[in-house]
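Heads up: the sequence lines are chains A and B, in that order. If you're matching positions, the first sequence starts at 23 in my numbering and goes up one per residue. If you're matching positions, the second sequence starts at 6 in my numbering and goes up one per residue. All C-beta atoms in this analysis are idealised placements derived from N, C-alpha and C, irrespective of residue type, glycine included. Structure, as structure tokens:
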Amino acid sequence: MDQQWDLTGWLLALGQTLALMALAPLYAGWIKWVKCHLQNRRAPSIFQPYRGLNKLFHKRPILAENASVIFRMAPYILLGAMLLAASAVPFVTTHLPTTAVVDMIVLVGYFALAKFFLVLAGMDVGTSFGGMGSSREANFSAFAEPAMLLVVFTLAMVASSTNLSIVMQALQETGLVLRPSLAFILAALLMVGLAENGRIPVDNPATHLELTMIHEAMILEYSGRYLAMVEWAAQVKLMLYGVLIVNIFFPFDLAADLTAPALLLALGSVLIKLAFMGAGLAVVETGLAKMRLFRVPTFLILAFMLAFMGMFSHILLEVA
Amino acid sequence: MPEGLLISVWFTLGAAFSAIVLPHRWIRYTTPTLLALAGISVTLTVLPWLTGTPSHSWESAFGLPWLKWQFRLDALSALFSLIIGVLVVLIAPYIPAYLRHDGHGKSQRPLLAFTSTFILGMFWVTWANDAFSFMIAWELMSVSSFFLVCHHHEDSANRRAGFLYMLMAHVGAIAILLSFAVFAAHAHSFTFDAARELTLSPGWATLAFALALLGFGMKAGLIPVHVWLPEAHPVAPSFVSALMSGVMLKVAVYGFLRVALDLSGEVYTGWGVTVMLIGAVTALYGILHATVQSEIKRLLAYSSIENIGIIFFAIGMALIFLANGHTLYASLAFVAALAHAVNHALYKSLMFLAAGAVIQMSRQSNIERMGGLLRLMPFTGAFFLLGTLAITALPPLNGFVSEWLTLQAALQSIHLESGILRSIVPLAAALIILTSAISIVAFTKLFGIAFLGRPRHRQTRRSKPAPVPMVVSFSLITLACLIIGVQPQYLIGLLTEVPGQLFNGGLPEINRHGWLWITPVSSAVASYSAPLVFTGISLSVFIWWCVYQWLKRHHGEAAHPRVPAWGCGFGGETARTQYSGYAFSMPLQRILQGLWVENDTLTEEPSPHEGLLPVRKQFQSGTQDRIWFWLYLPVAQMVNRGARLVSRMQTGRVRHYLAYSFFTLVVLLWINSGI
């Protein structure tokens, strides 16, 4: 805890927060680009999301008649929570002081906080679409969030710590040993990631049909910069899930010391891993169809059970 | 007897007396004032016991000839007296404002007098040091609260709730009495001091423990003995619901801790496992039922069951760790349980009080008829939202702190030697995790349907803001929640005194790294910095707000234009087309079908002309506890059948009754002489 006060670490945390926030639209653009190519469509530039955000930030928002202060507050809280989460997920180095402030449980808490306000914002306008989206989001994440927390539990047991940096260091030290627990929770985390970010097969981010929407129905009434903030927050969240998955399960090249070559190597490596991960997501989204709405809980309960089995296989097989 | 406690007893008695004798228009001010003074004097008196004062016992002049009432103040009783005292002070400003709008010409004397004796009973329970005075205090608390539940006895549903409460309170009291009897039979004395000296054989100790779990669990609302709670809490006046849910349930937790950790001396792993599993199942069951409720106070009552479950889950873990010799982890789990008890006392009182304000102002108790209240009652809405954040355990409020500690304690189960225990603790923890995720559904439903959207009923549309004293009460409680959420170190510091006195436990590492950090085991295992998280959240929201202001100035724009919401181009959206609370929790109800007994009825009035659509359609929905059908109705039938058998004895002839008395007497004499 004494090294918490070194300035380099905090500057690094600030830098990686800004980098993650800045790269998130690019990542969304990359996924879209790959997906378009896979589907034999002409792809927009991978910088298109920046243009979209820029356009929205310059538009004047329009509010629904009934929107209250919650509706206007929600995007700020959403983006604020994502900003904080971005500061606490090791991106290029495990030498990050913020992970002591925000351990993995708090990180899940941030995601929950953001979701809480988004759900309320969906109900605020008083239309059936908003309520429908909120209801679906709240009910489905009631199963996704526990799966996520069980993944956290398993990792915490593997590394005897809930500090994300220490977890990654511990996994880095053991190397790429095949552990059944990690395999299970990787599968669980991938499924939770799909659900929490509203991707196919759980939700379709590109849908225009209100009745099938989950995430989009909640934000139907947002426009202008509010919409920009909500979309940007969603992009950051997707990026964060990507970083979490690649840095926990494939933690090679994460910089242990703060030298420029090590950091650059780590940055390059994590970007390549993320690019593969994004391409994988595009493949999944191309290959699968969206599920029927009431199949989603089954999907999430499966994720929960996988995480649970991960935890159990750790307890039963790996604890001497 | 410490003077402060004596003063507080006089204050509560004075409060009860003044409620009876003073003019009716004064009493709603005098009684709460006196109660608040009592609360303040208890709070100030007991604080030293949470900072290291050794336990202090005294004997009162009252009592039986051979057993004067014994009292004792140690860290455990000080903590629970503190909870009662602080909450009484925080709730007091609410009472006069509430009573102004309550009752319509009905006398408020009994309500206020019984509130005073209720509070006196709760204080007394925490100080009692012998079974006899404990039971008197316990009964004072139960019976007073029965009269409070029955305050609006004009309604037959309220009388039924009151009867159920009375019945179960007394079955519970018998169990507690029997549990004390086990100790008393072996110690040949009713004092707790004698029970502490004693080492019972595992069988007897387990019997005493099981009876205590049943008795105190009945009061606390553990399943399956919880059914009185969702009936009784909603029908009481709101400040009484706050006291019952926020405070009285904690007194039951206190009683359980007193027996399980203090009197019984040794603890066993099996006890811990039982308590932990019952706690986890109670939590999940409570929140699942809360989610499908539409009466605002019923939802809150079920959520109390959930929170009590979480507290007992943590207590169970503490017992497991303690039985296996891990004092440090036992202290962590125990502190988590106590922290959750304190936090729940605060935010649940806040929510019941705010719910009372909402019900009074909107004249509705069903959220399906509310809506848009945030705009009509902005302060109540804002504080209710903060309470919601606390209860759903979101950072940076206090609910998150105790949740975090509980999960940290569960993670330490990896250090247990037995493989079965190592896997059963995380299993129960998974249920708790599921519970806390589902609580987000329940409370977004509650807040979203009641406070957001448009008013669904014309009376709701005329709701006025809550009076200032009520808002003062909300803001004080919210402030306490926020302080604990942002600076949990101080509370945890006070709480560690309790395991310290009970089993020489403690958390030596918790504040090691200064006031910014809490590190329950060591900084490598887990750390959390609530002040930094709070600063971070405030700062990041502030940054975005600055961006917003900058944009606003940059573009020099006016207020955002308001347009009708999107209705697929059809328009015609009214308050009736909003999503309902029933629909909101429907997915969960469909996913976990069969957990509830669903009573959905659709009545149609057919059109007089054949082949046309019905004239009227009415849809009613509701859910019932399945346990009611599994457990209570069969038991009630059995009691009825037994009563019918016994009634054959009732011949109506005096000589038969005299014969019964005679033979009973003979048998009793024979038994007595035999022993």
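Option nearest residue i by Cα separation, candidates the options
| i | options | result |
| --- | --- | --- |
| residue 155/B | 236/B, 502/B, 658/B | 236/B |
| residue 640/B | 173/B, 506/B, 454/B, 316/B | 173/B |
| residue 233/A | 249/A, 315/A, 69/A, 308/A | 315/A |
| residue 39/A | 57/A, 62/A, 106/A | 106/A |
| residue 116/A | 280/A, 312/A, 297/A | 280/A |
| residue 121/B | 644/B, 97/B, 106/B | 97/B |
| residue 134/B | 81/B, 470/B, 149/B | 81/B |
| residue 436/B | 337/A, 327/A, 195/A | 327/A |
| residue 513/B | 524/B, 520/B, 506/B, 503/B | 524/B |
| residue 323/A | 113/A, 167/A, 177/A, 138/A | 167/A |
| residue 29/B | 112/B, 100/B, 84/B, 223/B | 112/B |
Partners in chain B for residue i, counting only beta-carbon separations shorter than 9 Å
| i | result |
| --- | --- |
| residue 69/A | The premise fails here: residue 69/A is roughly 21 Å from chain B at the closest Cβ pair, so nothing lies under 9 Å. |
| residue 84/A | 565, 566, 567, 568 |
| residue 232/A | 571, 573 |
Beta-bridge pairing of residue i - partner residues as DSSP gives them
| i | result |
| --- | --- |
| residue 76/B | 63/B, 133/B |
| residue 629/B | 602/B |
| residue 533/B | 523/B |
| residue 3/B | The structure shown does not extend to residue 3/B, since chain B spans only 6 to 680, so no value can be given for it. |
| residue 20/B | In the DSSP output, where bridge partners are listed per residue, residue 20/B has none listed. |
| residue 427/B | Paired residue(s): none; residue 427/B is not in a bridge. |
| residue 68/B | 73/B |
| residue 621/B | 610/B |
| residue 164/A | The partner list for residue 164/A (beta bridge, DSSP) is empty, contrary to what the question assumes. |
| residue 86/A | 568/B |
| residue 277/A | 115/A |
| residue 196/B | 135/B |
Neighbouring residues, chain A, relative to residue i (Cβ below 9 Å)
| i | result |
| --- | --- |
| residue 494/B | Neighbours of residue 494/B on chain A: none; closest Cβ ~14 Å, over 9 Å. |
| residue 578/B | 148, 149, 150 |
Limits of the unbroken alpha helix (DSSP H) element including residue i
| i | result |
| --- | --- |
| residue 324/B | 301–328 |
| residue 238/B | 233–240 |
| residue 643/B | 638–651 |
| residue 590/B | Where residue 590/B is concerned, there is no enclosing alpha helix (DSSP H), given that its DSSP letter is neither H nor E. |
| residue 132/A | 126–146 |
| residue 301/A | 282–309 |
Interface residues of chain A facing residue i [CB-CB closer than 8 Å]
| i | result |
| --- | --- |
| residue 583/B | 148, 149, 150, 153 |
| residue 600/B | Neighbours of residue 600/B on chain A: none; closest Cβ ~14 Å, over 8 Å. |
| residue 459/B | 88, 148 |
Chain-ordered chain B contacts of residue i [CB-CB under 8 Å]
| i | result |
| --- | --- |
| residue 337/A | 419, 424, 427, 428, 431 |
| residue 215/A | Result: empty, since nearest Cβ-Cβ is about 16 Å, beyond 8 Å. |
| residue 132/A | 400 |
| residue 319/A | 592, 596 |
| residue 160/A | 445, 446, 449, 450, 589 |
Beta-carbon neighbours of residue i, restricted to chain A and to distances below 7 Å
| i | result |
| --- | --- |
| residue 550/B | 98 |
| residue 334/B | Under the 7 Å cutoff, chain A gives no residues; its nearest Cβ is about 13 Å from residue 334/B. |
| residue 533/B | 125, 128 |
Contact check, residue i vs residue j, beta carbons under 9 Å
| i | j | result |
| --- | --- | --- |
| residue 286/A | residue 53/A | no |
| residue 622/B | residue 609/B | yes |
| residue 19/B | residue 51/B | no |
| residue 499/B | residue 182/B | no |
| residue 249/B | residue 231/B | no |
| residue 394/B | residue 489/B | no |
| residue 590/B | residue 447/B | yes |
| residue 2/B | residue 153/B | Residue 2/B is absent from the structure shown; chain B starts at 6 and stops at 680. |
| residue 93/A | residue 147/A | yes |
| residue 430/B | residue 281/B | yes |
| residue 454/B | residue 375/B | yes |
| residue 271/A | residue 200/A | no |
| residue 443/B | residue 292/B | yes |
Proximal residues of chain B, C-beta to C-beta of residue i below 7 Å
| i | result |
| --- | --- |
| residue 243/A | 570, 571 |
| residue 106/A | 541, 542, 545 |
| residue 330/A | 435 |
Cβ of residue i within 9 Å of any chain E Cβ
| i | result |
| --- | --- |
| residue 261/A | The structure shown has no chain E; the protein chains it does contain are A and B. |
Near the ligand FAD: residue i beta-carbon under 8 Å from a heavy atom
| i | result |
| --- | --- |
| residue 403/B | Inclusion of the ligand FAD in the displayed structure is not the case, the ligand content being empty and no account of it being possible. |
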